[in-house]
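For the sequence shown, our numbering begins at 28 and goes up steadily by one. A virtual CB, placed ideally from N, CA and C, is assigned to each residue, including glycine. Here is the structure we will look at.
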Amino acid sequence: MNSRNWVRGRSIALAGGLLLAVSGCRASAGPSPGVASAAPATATAGAAASTSTSTSTDPTAGTTAPAGAGTGGPGSLTVGITSPVSVAGHVNTPVSCEVAGRRYAESATGVVNGATVAESVRVAGYTGPGSYAAVVTVSLVANDASRYAIDAVPATVEITSTGGSVSFSASTYAGRTLAGSINWACS
């Protein structure tokens with residue numbers, strides 16, 4: 028019985044350590060002027076409803092008007108951030124889109140015109156393409172090294188089988204509004 032409790036305790040400690048490590052990775056990027064407040068964002072997405080090995084061949088089907096410039100395609104982001112700084116452009120980068128059970132997760136990081144943009148969309152209760160309540164996280168490190176972030180902001184997303192688009196507008200903890208849109212095509 029004592030060895031079982033010891034194993035259970037070590038498992039909990041390991042899980043807690045992993046959670047702290049993940050949180051530490053986010054925090055290691057340096058202090059940001061803010062992470063999202065409770066102000067909800069609005070989002071529209073047409074995300075790829077595929078696993079990380081997407082075989083989508085038509086990146087334009089089901090997407091909204093593109094932000095920035097670029098043609099899209101598997102493994103790409105097109106960014107159009109309008110506030111608090113302007114960042115627009117297209118980058119080919121790995122885009123992870125995974126479905127596990129009833130959870131959908133999309134995430135990507137890319138450098139667009141010298142600014143680093145990281146974003147993710149999370150959906151619980153996913154059952155296939157459609158409209159869902161989600162949480163959206165976006166962080167931006169601008170050319171001048173200023174940092175802006177919104178974290179786990181409630182949003183409504185539209186998920187399709189070919190690609191995605193999310194529009195967001197929410198306040199950071201510093202009170203600045205981070206707003207714009209991001210299109211993605213899963214790798």
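Report task. Can you tell me which of the three DSSP states Thr143 falls into? Result -> strand
Report task. Can you tell me which of the three DSSP states Asn170 falls into? Result -> coil
Query raised in the report: Is the beta carbon of Ala160 sitting closer than 8 Å to the one on Thr183?
Result: yes
Query raised in the report: What is the DSSP secondary structure of Val112, reduced to helix, strand or coil?
Result: The three-state secondary structure of Val112, taken from DSSP, is coil.
**Report entry** Asn210 classed as buried or exposed, judged by whether at least 16 other C-beta atoms fall within 10 angstroms
**Finding:** buried
Report task. Below 8 Å on the Cβ atoms is my guess for Ser103 versus Asn119; work out the distance and round it to an integer in Å. Result -> 5 Å
Query raised in the report: My guess is that Gly107 and Ser208 are in contact by the Cβ rule of under 8 Å, so how many angstroms apart are they, rounded?
Result: 5 Å
Query raised in the report: Do Arg174 and Val150 have their CB atoms nearer than 8 Å?
Result: no
Report task. Spatial neighbours of Ala206 within its chain, please: CB distance less than 6 Å, with the 5 preceding and 5 following residues excluded, ordered by chain position. Result -> Thr109, Ser110 and Ser196
Query raised in the report: Which of the three DSSP states, helix, strand or coil, is assigned to Cys213?
Result: coil
Query - DSSP three-state assignment for Arg149, whether helix, strand or coil - result: strand
Query raised in the report: Whose C-alpha, out of Gly128, Tyr153, Ser147 and Gly191, is nearest the C-alpha of Val180?
Result: Closest in C-alpha terms to Val180, from the list Gly128, Tyr153, Ser147 and Gly191, comes Ser147.
Query raised in the report: Are Asn140 and Val114 close, meaning C-beta to C-beta below 8 Å?
Result: yes
Report task. Determine the burial state of Asp171: buried for a count of at least 16 other Cβ atoms within 10 Å of its Cβ, exposed for fewer. Result -> The Cβ neighbour count for Asp171, taken over all protein chains shown within 10 Å, is under 16; the residue is labelled exposed.
Query raised in the report: Using CA coordinates, which residue listed in Val193, Thr154 and Ala176 is at the minimum distance from Thr204?
Result: Ala176
**Report entry** Short Cβ contact (8 Å threshold) for Ser214 with Ser123
**Finding:** Judged by their CB atoms, Ser214 and Ser123 are nearer to each other than the 8 Å cut-off.
**Report entry** Euclidean distance between Cα positions of Tyr200 and Ala145
**Finding:** 18 Å
Report task. Can you give me the Cβ contacts of Val168 inside the same chain, cut-off strictly under 7 Å, excluding the 5 residues immediately before and after it? Result -> These residues qualify, in order along the chain: Ala142, Thr143 and Arg174.
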